[in-house]
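Its first residue numbered 673, the sequence shown is counted upward by one per residue in the working numbering. By construction, the Cβ of each residue, glycine as well, lies at the ideal position given by its N, Cα and C atoms. Every value quoted in this text rests on a predicted model; they were computed, and no experiment measured them. Inspection log for the structure reproduced underneath, given as structure tokens.
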Amino acid sequence: MDMIGMTIVLPALPLYVEKFSTSTLTIAVVYSIFAACAFLGGPILGSLSDRYGRKPILVISIFGAVAGWVVFALATNIWMVFFSRVIAGLTAGNISVAQSYLTDISTDSKDRALKLGLIPTAIGIGFVTGPAIGGLLTKISDVLPFWFTAVLGLLNGLAAMKFLPESIAKKQKDAHIELNPFKTLWYGLTHRKYRTLILLLLATSMSFESYHSTFILFLSRRFGFDVTAAGLLLTVIGIMIAINQLVLMKNFWLKRFKPYRIQVIAAFALVILFFLATSTNVRVFLPILVMLGLMEGTLTVINGSELSGSAEEHERGKIIGVSHALIAISQVIAPIISGYFMGNYINAPWLISMFWMIIVCTILIVKKKRLTHAPLDFSGRNELENI
673 MDMIGMTIVL
683 PALPLYVEKF
693 STSTLTIAVV
703 YSIFAACAFL
713 GGPILGSLSD
723 RYGRKPILVI
733 SIFGAVAGWV
743 VFALATNIWM
753 VFFSRVIAGL
763 TAGNISVAQS
773 YLTDISTDSK
783 DRALKLGLIP
793 TAIGIGFVTG
803 PAIGGLLTKI
813 SDVLPFWFTA
823 VLGLLNGLAA
833 MKFLPESIAK
843 KQKDAHIELN
853 PFKTLWYGLT
863 HRKYRTLILL
873 LLATSMSFES
883 YHSTFILFLS
893 RRFGFDVTAA
903 GLLLTVIGIM
913 IAINQLVLMK
923 NFWLKRFKPY
933 RIQVIAAFAL
943 VILFFLATST
953 NVRVFLPILV
963 MLGLMEGTLT
973 VINGSELSGS
983 AEEHERGKII
993 GVSHALIAIS
1003 QVIAPIISGY
1013 FMGNYINAPW
1023 LISMFWMIIV
1033 CTILIVKKKR
1043 LTHAPLDFSG
1053 RNELENI
């Protein structure tokens, strides 16, 4: 339900914010404020989940999102919009804690990749129904999608409180909670075991976030898509993502290729797809967009699986929190850069995304020895971690 709620507001959010400001930079800042607060809160929430358990932190995160959407729906000026994103950002730990939860209950590296694939699958299913619902709700009222999402979040939080079991057998009650996100971030970036995977994830996220925040505006300005049309397009993409994660990930990707090879194939394919996405022909653009969604989902799952599997259980929440803090940094920086350059050149987000994906390809080639490690067992130990 959480993913459905997120996708319901996706086509409506940027156009709703335009009521308060038509500047593409201001709209990008709305995304960036959320990400900046997620950067501050992510590592702390991850460490808290190591200490007190995944379930209570997940519930807090869900209710934080509910509060954020309520304030957003009640907004009468751009400052209330900003404040709503601060609330939601500081408690935005649901996906990172969910990753830790799924890693906790995984039995081996393949099972971990398949379980972590459930997150983009949920996102894909959300895209199947959410944008279409959001588009229809917007026809009734431009604020209704946000109230609807808040109600879904409330139901989701109550269900988690009652039915979700705890995944940690032994909580780290003496674990240190670092309140300075920069120290936690520095730990992840300088730790030999994690730094290459974390840098790879950062470059990947910079690539994706460079076009995510401006995507709906791009559809509107390049092809004249309204909220309903954009929602239907996202629905089609969601169906393809769900098929990829539910069918192809198990029966094609993980069956035929090792994780490193999957990363290489997806990254190089994305470089080409980002370039082709600059096409002015909608019939060319739409199939490219579907392929882009498939490759993005595949690369995201494998990157996340490799990082979470490398982390020891006692600090898994912290390390995944670090990765999401870096994603938050990319969500601060990338939308501002893309929003600024899109004002002068509409295809700028695609070219910026391509630039960052070239960096991803470079890391994969240069750090091949580090990344082509032996499969990780359930504890997250890498047999060749001292290479």
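Cβ neighbours of N1019 in the same chain (closer than 6 Å, five flanking residues each side left out): T950
S1002 beta carbon less than 8 Å from that of S877: yes
Candidates L824, S892, A764, of which the one nearest I732 by Cα: A764
The alpha helix (DSSP H) enclosing D722, as first and last residue numbers: 696-724
As assigned by DSSP and simplified to three states, the class of F780: As written in the sequence, residue 780 is Asp, which differs from the Phe given in the question. Note: D780 maps to coil in three-state DSSP.
Endpoints, the alpha helix (DSSP H) within which L682 is located: From DSSP, L682 is part of no alpha helix (DSSP H); its letter is neither H nor E.
8 Å contact criterion, which S882 and P1021 should meet: CB distance rounded: 5 Å
Three CB pairs or more closer than 8 Å across the stretch 971-985 and the stretch 786-802: yes
Pick from P817, L872, L826, K1040 that is closest to M930, judged by C-alpha positions: For clarity, residue 930 is Lys in the given sequence; the question names Met instead. For K930, the nearest C-alpha among the options comes from K1040.
Simplified DSSP state of T763, which is helix, strand or coil: coil
G896 burial status per 10 Å Cβ neighbour count (16 or more: buried): exposed
Identity of the residue in E987, L979, D780 nearest R1042 by Cα: L979
R930 - containing alpha helix (DSSP H), residue span: Inspection of the sequence shows that residue 930 is occupied by Lys rather than by Arg. Here K930 belongs to no alpha helix (DSSP H), and DSSP marks it neither H nor E.
Test item: CB-CB of I849 and R723 under 8 Å: yes
Residue environment, T856, which counts as buried when at least 16 other CB atoms sit within 10 Å: buried
Range of the contiguous alpha helix (DSSP H) that encloses Y866: Here Y866 belongs to no alpha helix (DSSP H), and DSSP marks it neither H nor E.
Buried versus exposed, by CB contacts within 10 Å (16 or more), A684: buried
N-terminal and C-terminal residue of the alpha helix (DSSP H) that F924 is part of: From DSSP, F924 is part of no alpha helix (DSSP H); its letter is neither H nor E.
Sequence-distant residues of the same chain with beta carbon closer than 6 Å to A747, five excluded per side: V753
Same chain, Cβ closer than 7 Å to M833, five either side skipped, listed in chain order: V731
Spatial distance of L1056 from T868 (CA atoms): Confidence at L1056 is low in this model, with a pLDDT of 29, below 50, so the placement of that residue should be treated as unreliable; the coordinate-derived value is given next. Distance between the alpha carbons of L1056 and T868 is about 14 Å.
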